[in-house]
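A.B. asks: Residue numbering for the sequence shown follows the numbering used here, beginning at 534 and increasing consecutively.
Heads up, the beta-carbon is just placed ideally off N, CA and C, and yes, glycines get one too.
Have a look at this one before I ask anything.
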Amino acid sequence: MKLDSGWIAARWKEVSYSGEELTTTHPPSQSIKPWMEALVPGTVLGTLLKNKLIPDPFYGLENEAILDIADSGREYYTFWFFTRFQAHMSGNAHAWLNFRGINYSAEVYLNGHKNVLPKGMFRRHTLDVTDILHSDGDNFLAVLVYPPDHPGCIPIEGGQGGDHDIGKDVATQYVQGWDWMAPIRDRNTGIWDEVSISFTGPVKISDPHLVSSFFDDLKRVYLHTTAEYTNASSLAADCTLKVQVSIELEDGMCLIEHVETQELAIPGGTSVLFTFQPLFFYRPNLWWPNGLGKQALYKVDITVDVKGYEESDSWSQLFGFRKIDSHIDPATGGRLFKVNGEPVFIRGGNWILSDGLLRLSEKRYETDIKFHAEMNFNMIRCWGGGLAERPEFYHYCDVYGLLVWQEFWITGDVDGRGIPVSNPDGPMDHNLFLDCARDTIKLLRNHASLALWVGGNEQHPPEDINTALKNDLKLHPFFKLPGVDTNLMDSHSWTKSYEDPSRYLDGTRLYIQGSLWDGFANGKGDFTDGPYEIQYPEDFFKDNFYKYGFNPEVGSVGIPVAATIRRSMPQESWQIPLFQLSNGYIIEVPNPVWDYHKYIPYSKPGKVHNQIVMYGEPKSLDDFCEKAQLVNYIQYRALLEGWTSRMWTKYTGVLIWKTQNPWTGLRGQFYDHFHDQTAGFYGARSAAEPIHVQLNLATYFVEIVNTTSSPLSGVIVDTSVWELEGSCPYHKLSKSISVPPKKTLPIFEMEYPKTKNAKPVYFLVLKLLDKSNSNILSRNFYWLHLAGGDYKPLEAYRSKRVPIRTSAKVTLVGQTYKAEMKVHNLSKISLSEGQSFLNIEHHHNQQGPIKIENSNTKLEPVNEKTEGLLSRISSLVHARKEKQMHVETKGDHSGVAFFLHFAVHATTKNPKTGEDERILPVHYSDNYFSLVPGEVLPIDITFEVPTGTVPKIVLQGWNTNGHSLAVQVNRLE
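Written out as structure tokens, the structure reads:
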């Protein structure tokens, strides 16, 4: 039973009663000051914000108005949290009070009984409250939570981790501020993770460990299972232990694959670590990373029945059979990961945490992880200055196929490096650090997505901690590389020769001491990751851009859309940066609020000219953000395509710094804190396709990328160049090509820039087609300029309008809308003599063209002053019913429909900004796309809306300026 509602809180100094009194004679209520509604799970700052007692620290400069713990003292953020609950249990049951995370230490009072919890943010606490709990009335629970012992202070100049004092504790280190984050004033003090009451019989199951071992080229697989069984009673317990393994089939049926039972006697008041006989599977469904296969997950149920009591306790876990190896690749020097024997070219990102105030939820986690999967990423690195991520995070990584690199709580800036030099010996209490690490390992080790343990970010732990972690996380012989060849091991003797791997703390995953060691960066611990700034796109393809095989951090820009800026700060802060010319380069000078939100410029004086001004100097916030999205798209597509161009020949992987922001930051992100994607999201999504066609921006050779395990045969590359006015002066069709698995193959040079009449700015469309059916396997759209030029001719192109038809089939199920959109550029195709095209329509998932049917639609007039020239379609949609609709906008120009992007708004206005209220999050199968004349692109859009909200889907674009195509969907209540 989760205790996640009904909590109230008060500042410790403002409460006159003791914990014993609060939970017996003087239980508080929200109606009596100083008590207030509390956010649990959450933090003190989150509770204060919920009650509007502080301004929003993520809005404008409001964080500066909140008292920092360095100035207030720890007592100011020491808080009581109180709840009352009812719990009915049978007379011979046992009750347990569970805390999954408290920062930093706490006193717990239940019905007048006190327990002092040990310190440490990353450890679980379980209390036997059998004799304390009232089964026939209210229970009073009060928790006094103390902040970290060393919250530190924030120097005027800021810095990475403030004055580094937070590193003396075992807690999140970002809370003193970083170059991408403002300080968190309470240092995340609070009951930040789940609180629950659980009931068992006399015997309780704790920390089961599931391990799969593989033999005979993955044909023969064993599931190893160990768990701790605690007899909380004073009498001996005769137990029947059972493990059951099942899998859900595609038709919704459940197939039970194995049931194993064992008898065990447990003396009273003792615990026993018991290991089942390994369960044998022949060719089970395997779990694969995103892009390489399906994420098969089996359900493992463990139960214990006690004679005279029946079922005493149970435990369940989704478990994926997969074999993960990694080693240093001799060809590149980078770490090479293999899953189920297949090399995995790593393309992923660095992760801080979902929300800086720890307002974590399963729903938010699902959106975060699904976004990463939609970008075609296959790894997330949980950075050491953030969290040991929660089981819900890992669950969705299991579901969506994201490998996870999990670091412990060490960073170079706070633990031994930095300016000034920080804590050389890491946290003060090394035993506490190890206790938290071991508990975290037990919490997370059963997740298929967890691939790697790493000691710290850009630093390794102190020597004694590092040595202990190496020993704790030593590999079982089945998983050592190089070493035991598990494919050749004798099937009859292995159980006698080796201890069961599930009896190890982990034993299956490699431990590496730090993010710059052993196949990452230069492998020696030197600062050889990065860079973290704007680049010329072609530089990512050059041999001298990065020297080493696996870059754990490389970052760039990431300004969000204008609507996010307006939502994040007051109107006077919407001013875009000033552009000052110095020595031939533009220096951007952001306003103080943008600077506070860690904006980084789109130029690097002396190295990179301003990439926004390449499109013409921006005139407004909307203009600036629109042009920034163009840069975001190109920047991150080029980064990943540059790495993929040298797959296995120079690189084994790359992790982008970073994929998202835990607050309203203005740098390094693919989606903002409100879950609205930048164009960089879709540039990365394109580049990271498992099968992909791309242009090497350094050589102008067209390349085919095949990251899958299967060869490509009978494919052709269709290359076409389009000029701004819609003519196609260059078209080239390759011969039939075969591409081996795990290979990037150069095909031919794209020679248009060398032609006599090449235009200064042009569009390039690359399509990889299956010759047998003309289906498009990959499509890539570029806008390019000739050497030494810029994109300023696109500015005049904004006044052109091309004719577009948008159709939609919308389905509403519950609160979830699913819209199958079709966008068609109605411009006539202008081909040079002798040119033709194969199947100009872009197929989606190998579907053919969809016929657009007429439906009962009505064009509605709108207010042009507030919404521009807007064409809308209205349709009533019943739950589980569909309606098809279409609309056209006339155009005065034939040409490329450039940089189109969908958004979903509520039809009501936001009184704060006067704009349409965005509905977020929204999942788009693609966005920020362009269409050449005659081309059709399907886009799937999925989103949820609150009850009573009427959404509309809006389409805007570079050269549909002044137009919005909207599909308004009214719901029948």
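Pull up the DSSP beta-bridge partners for K949, would you.
C.D. replies: Taking the sequence shown and counting its residues from 1, one reaches residue 949 at position 416. Residue identity differs from the one stated: residue 949 is Gly in this sequence, not Lys. Looking at the DSSP assignment, G949 forms no beta bridge with any residue, so it has no partner.
A.B. asks: Roughly how many angstroms lie between the CA atoms of E922 and R971, to the nearest whole one?
C.D. replies: Sequence index remark: in the sequence shown, residue 922 carries index 389 (1-based). Sequence index remark: in the sequence shown, residue 971 carries index 438 (1-based). Distance between the alpha carbons of E922 and R971: 14 angstroms.
A.B. asks: Compute the distance between the beta-carbons of V1437 and P1484, then report whether it is under 9 angstroms.
C.D. replies: For the purposes of this step, residue 1437 is taken as residue 904 along the sequence shown, with counting starting at 1. For the purposes of this step, residue 1484 is taken as residue 951 along the sequence shown, with counting starting at 1. Yes; because the gap between Cβ atoms is below 9 angstroms, this pair is in contact.
A.B. asks: Which residue's Cα is closest to the Cα of G826: G934, C915, T794, G785?
C.D. replies: Position 293 of the sequence shown, counting from 1, holds the residue named residue 826. Looking at the Cα atoms, G934 is the closest of the given residues.
A.B. asks: What separation, rounded to the nearest whole angstrom, lies between the Cα atoms of T773 and K1013?
C.D. replies: For the purposes of this step, residue 773 is taken as residue 240 along the sequence shown, with counting starting at 1. For the purposes of this step, residue 1013 is taken as residue 480 along the sequence shown, with counting starting at 1. Approximately 34 angstroms, taken between the alpha carbons.
A.B. asks: For P1103 and L594, I'd like the C-alpha separation in whole angstroms.
C.D. replies: Indexing the sequence shown from 1 puts residue 1103 at position 570. Indexing the sequence shown from 1 puts residue 594 at position 61. Taking the straight line from one Cα to the other gives about 9 angstroms.
A.B. asks: Could you tell me the alpha carbon to alpha carbon distance between W942 and F655, rounded to whole angstroms?
C.D. replies: Here the question's residue 942 lines up with position 409 in the sequence shown. Here the question's residue 655 lines up with position 122 in the sequence shown. Near 10 angstroms, if we compare the C-alpha coordinates of F655 and W942.
A.B. asks: With distances taken from CA atoms, which of T1177, N964, E1353, S1332 is nearest K1075?
C.D. replies: Numbered from 1 along the sequence shown, position 542 holds the residue referred to as residue 1075. Of the listed residues, the one whose Cα sits closest to K1075 is T1177.
A.B. asks: What residues match up with C915 in a beta bridge as DSSP calls it?
C.D. replies: The sequence position of residue 915 within the sequence shown is 382, counting from 1. Here C915 is bridged, per DSSP, to W884, Q939.
A.B. asks: Would you check if there are 3 or more beta carbon pairs closer than 8 angstroms linking the stretch 1144-1159 to the stretch 1093-1111?
C.D. replies: yes
A.B. asks: Just reading off the beta strand (DSSP E) that G1186 is part of, what are its end residues?
C.D. replies: In the sequence shown, the residue the question calls residue 1186 occupies position 653. Unbroken beta strand (DSSP E) run through G1186: 1186-1190.
A.B. asks: Using 10 angstroms around the beta-carbon of H621, count the other beta-carbons present and answer buried if the total reaches 16, otherwise exposed.
C.D. replies: Counting from 1 along the sequence shown, the entry for residue 621 is found at position 88. Exposed: under 16 other Cβ atoms inside 10 Å.
A.B. asks: So, with DSSP's three-state summary, where would you put P1151?
C.D. replies: Counted from its first residue, the sequence shown places residue 1151 at position 618. Here P1151 sits in coil by DSSP.
A.B. asks: If we ignore side chains and look at the alpha-carbon of each, how far apart do G575 and E608 end up?
C.D. replies: For the purposes of this step, residue 575 is taken as the residue at position 42 of the sequence shown. For the purposes of this step, residue 608 is taken as the residue at position 75 of the sequence shown. Approximately 18 angstroms between the Cα atoms of the pair.
A.B. asks: What does DSSP give as the partner residue(s) for W1255 in the beta ladder?
C.D. replies: Taking the sequence shown and counting its residues from 1, the one referred to as residue 1255 is at position 722. Answer is F1296.
A.B. asks: Going by beta carbon distance, what residues of the same chain come within less than 8 angstroms of F511, once the five residues before and after it are set aside?
C.D. replies: Because the chain spans 534 through 1506 in this model, residue 511 falls outside it and cannot be assessed.
A.B. asks: Following the continuous alpha helix (DSSP H) through L1038, name the residue where it begins and the one where it ends.
C.D. replies: For the purposes of this step, residue 1038 is identified with residue 505 of the sequence shown, where counting begins at 1. Per DSSP, L1038 belongs to no alpha helix (DSSP H) and is neither H nor E.
A.B. asks: Short of 6 angstroms in beta carbon distance, which residues of its chain neighbour C857, apart from the five on each side in sequence? Order them along the chain.
C.D. replies: Here residue 857 is taken as the residue at index 324 of the sequence shown, counted from 1. Strictly speaking, residue 857 in this sequence is Ile, with Cys absent from that position. So the qualifying residues of the chain are V872, A984.
A.B. asks: Could you check what DSSP says for K546 in three-state terms: helix, strand or coil?
C.D. replies: On the sequence shown, residue 546 is found 13 positions in, with the first residue counted as 1. Helix.
A.B. asks: For T1493, which residues does DSSP report across the bridge?
C.D. replies: By one-based count along the sequence shown, residue 1493 stands at place 960. DSSP, once it has assigned bridges, lists no residue as partnering T1493.
A.B. asks: Would you call Q1202 buried or exposed, if buried means 16 or more other Cβ atoms sit within 10 Å of its Cβ?
C.D. replies: Taking the sequence shown and counting its residues from 1, one reaches residue 1202 at position 669. Buried.
A.B. asks: To the nearest whole angstrom, what separates the beta carbons of Y815 and K752, a pair I think is in contact under 8 angstroms?
C.D. replies: Working through the sequence shown from its first residue, we reach residue 815 at position 282. Working through the sequence shown from its first residue, we reach residue 752 at position 219. The Cβ separation is near 7 angstroms, so the contact holds.
A.B. asks: Tell whether a beta-carbon distance below 9 angstroms holds between S779 and E790.
C.D. replies: Locating residue 779 in the sequence shown gives position 246, counting from the first residue. Locating residue 790 in the sequence shown gives position 257, counting from the first residue. Against a cut-off of 9 angstroms, the Cβ pair of E790 and S779 comes out as a contact.
A.B. asks: So V954 and G700 are supposed to be a Cβ contact under 8 angstroms. How far apart are they, rounded?
C.D. replies: Position 421 of the sequence shown, counted from the first residue, corresponds to residue 954. Position 167 of the sequence shown, counted from the first residue, corresponds to residue 700. Actually they are not in contact, since the Cβ atoms of V954 and G700 sit about 12 angstroms apart, beyond 8 angstroms.
A.B. asks: Output yes or no for whether 9 angstroms exceeds the beta carbon distance between Q1162 and T1211.
C.D. replies: Within the sequence shown, residue 1162 is the residue found at index 629, counting from 1. Within the sequence shown, residue 1211 is the residue found at index 678, counting from 1. In this structure, Q1162 lies near T1211, with their beta-carbon atoms less than 9 angstroms apart.
A.B. asks: Using a Cβ distance threshold of 8 angstroms, determine whether the stretch 745-760 contacts the stretch 909-921, with at least three qualifying pairs required.
C.D. replies: no
A.B. asks: On the CB-based measure, 16 or more other CB atoms within 10 Å of its CB, does S766 come out buried or exposed?
C.D. replies: Here residue 766 refers to the residue found at position 233 when the sequence shown is read from its first residue. The C-beta of S766 has 16 or more other C-beta atoms within 10 Å across all chains shown, which makes the residue buried.
A.B. asks: Measuring alpha carbon to alpha carbon, tell me which of D682, H905, Y927, N1055 ends up nearest G867.
C.D. replies: Your numbering for residue 867 matches position 334 in the sequence shown. Per the Cα distances, N1055.
A.B. asks: Beta carbon of T580, beta carbon of F673: below 9 angstroms?
C.D. replies: Along the sequence shown, read from residue 1 onward, the residue named residue 580 stands at position 47. Along the sequence shown, read from residue 1 onward, the residue named residue 673 stands at position 140. Taking 9 angstroms as the Cβ cut-off, T580 and F673 do not qualify as a contacting pair.
A.B. asks: Between the stretch 674-681 and the stretch 632-645, do three or more beta carbon pairs fall short of 8 angstroms?
C.D. replies: yes
A.B. asks: Is the separation between the beta-carbon of G1424 and that of P1336 shorter than 9 angstroms?
C.D. replies: Stepping through the sequence shown from its first residue, residue 1424 is reached at position 891. Stepping through the sequence shown from its first residue, residue 1336 is reached at position 803. A contact, by the Cβ cut-off of 9 angstroms.
A.B. asks: Could you tell me which residues DSSP pairs with E1121 in its beta bridges?
C.D. replies: What you label residue 1121 is simply residue 588 of the sequence shown in a count that begins at 1. Bridge partners of E1121: F1112.
A.B. asks: If you draw a straight line from the C-alpha of S739 to the C-alpha of R657, how long is it?
C.D. replies: Walking along the sequence shown from the start, residue 739 turns up at place 206. Walking along the sequence shown from the start, residue 657 turns up at place 124. Taking the straight line from one Cα to the other gives about 12 angstroms.
A.B. asks: Helix, strand or coil for D834, going by three-state DSSP, please let me know.
C.D. replies: Here residue 834 refers to the residue found at position 301 of the sequence shown. Here D834 sits in strand by DSSP.
A.B. asks: Quick check on DSSP: helix, strand or coil for L1021?
C.D. replies: What you label residue 1021 is simply residue 488 of the sequence shown in a count that begins at 1. Only weak support is given to the placement of L1021: the predicted model assigns it a pLDDT of 42, under 50, and the question is left unresolved by the model.
A.B. asks: Would you identify the three-state DSSP class for L985, choosing helix, strand or coil?
C.D. replies: For this step, residue 985 is matched to residue 452 along the sequence shown. Three-state result, L985: strand.
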